[in-house]
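In the numbering used here, the protein residues as written are 167 to 324.
Don't be surprised by glycine CBs; every beta carbon is placed ideally from N, CA and C.
For clarity, every value in this text was computed on a predicted model and none was experimentally measured.
One structure is given below, encoded as structure tokens.
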Ligand code: HEC
């Protein structure tokens with residue numbers, strides 16, 4: 167009789183031990199609570215936010231520059247009306263805008279020399295023959311010495 171009771175008690179103790187052990191196992195397999203972010207992680211996130219802000223600023227500047235460039239695109243009509251305007255505009259705006267032309271006031275000879283200078287010094291395609299005549303005539307007619315100045319010329323010339 168005592169042996170049976172001992173066995174039952176032993177068995178009960180075993181089951182209890184197993185149950186406790188099982189409980190501990192379950193306890194251990196629960197996901198650990200998230201750790202607070204480390205200083206390195208915080209620094210990394212701050213750096214990421216700063217990089218995004220910089221990228222946004224670069225995008226904004228690029229868009230602003232594109233808008234300015236689009237607004238500055240010249241039409242042929244910025245040049246004085248007259249025969250040869252299209253040819254001049256077409257040939258001359260490949261490298262610079264027409265501001266260098268509009269602010270100039272050269273004689274025909276000087277414009278003619280300038281065509282060679284542009285070719286020799288700046289790699290412009292040589293301008294020859296009829297097209298050269300047309301362009302130089304146009305430039306001399308509209309951007310010659312007398313066209314200079316707000317009132318259309320130098321009063322001491324002529
Ligand atoms: C291959 C490129 C190119 C082409 C095409 C070109 N130019 Fe130029 N031009 C230049 C360069 C480069 C300069 C020098 C700009 C500078 O010094 O800042 C210049 C300067 C000038 C100047 C200023 C000269 C001065 O001494 O003040 C005038 C005017 C001019 N170009 C007119 C023309 C005309 C007119 C045409 C068309 C027939 C023309 N360019 C075509 C490259 C070119």
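* When burial is assigned at 16 or more other CB atoms within 10 Å of the CB, is residue 172 buried or exposed? -> Numbered from 1 along the chain shown, position 6 holds the residue referred to as residue 172. Per the 10 Å Cβ criterion, exposed.
### Message
In whole angstroms, give me the CA-to-CA distance for residue 236 and residue 257.
### Response
By one-based count along the chain shown, residue 236 stands at place 70. By one-based count along the chain shown, residue 257 stands at place 91. Cα to Cα, the separation comes out at about 21 Å.
| Where does residue 293 land, buried or exposed, given buried means 16+ other C-beta within 10 angstroms? | The residue given as residue 293 occupies position 127 in the chain shown. Answer is buried; the Cβ neighbour count reaches 16.
Roughly how many angstroms separate the alpha carbons of residue 298 and residue 239, rounded to a whole number?
-> Within the chain shown, numbered from 1, the residue matching residue 298 stands at position 132. Within the chain shown, numbered from 1, the residue matching residue 239 stands at position 73. Rounded to the nearest angstrom, the two C-alpha atoms are 25 Å apart.
Distance between residue 222 and residue 304 (C-alpha atoms, nearest Å)
Position 138 of the chain shown, counted from the first residue, corresponds to residue 304. Position 56 of the chain shown, counted from the first residue, corresponds to residue 222. The straight-line gap from Cα to Cα measures roughly 47 Å.
For residue 192 and residue 186, I'd like the C-alpha separation in whole angstroms. Taking the chain shown and counting its residues from 1, the one referred to as residue 192 is at position 26. Taking the chain shown and counting its residues from 1, the one referred to as residue 186 is at position 20. For residue 192 and residue 186, the gap between their C-alpha atoms comes out near 10 Å.
Practice problem: Please check the pair residue 264 and residue 244, which I expect to be a contact at CB under 8 Å, by giving their CB distance rounded to whole angstroms. | Solution: Translated into positions along the chain shown, residue 264 becomes position 98. Translated into positions along the chain shown, residue 244 becomes position 78. Sure, about 5 Å apart at Cβ, within 8 Å.
* Asked: Is the distance from the Cβ of residue 278 to the Cβ of residue 302 below 8 Å?
  -> Sequence index remark: in the chain shown, residue 278 carries index 112 (1-based). Sequence index remark: in the chain shown, residue 302 carries index 136 (1-based). Result yes, Cβ atoms of residue 278 and residue 302 sit closer than 8 Å.
#### Entry: Rounded distance between the beta-carbons of residue 251 and residue 241, thought under 8 Å
Counting from one through the chain shown, the residue named residue 241 turns up at place 75. Counting from one through the chain shown, the residue named residue 251 turns up at place 85. Actually they are not in contact, since the Cβ atoms of residue 241 and residue 251 sit about 11 Å apart, beyond 8 Å.
*asked:* Shorter than 7 Å, the distance from the beta carbon of residue 260 to the closest heavy atom of the ligand HEC, or not?
replied: Position 94 of the chain shown holds residue 260. Residue 260: yes, Cβ under 7 Å from the ligand HEC.
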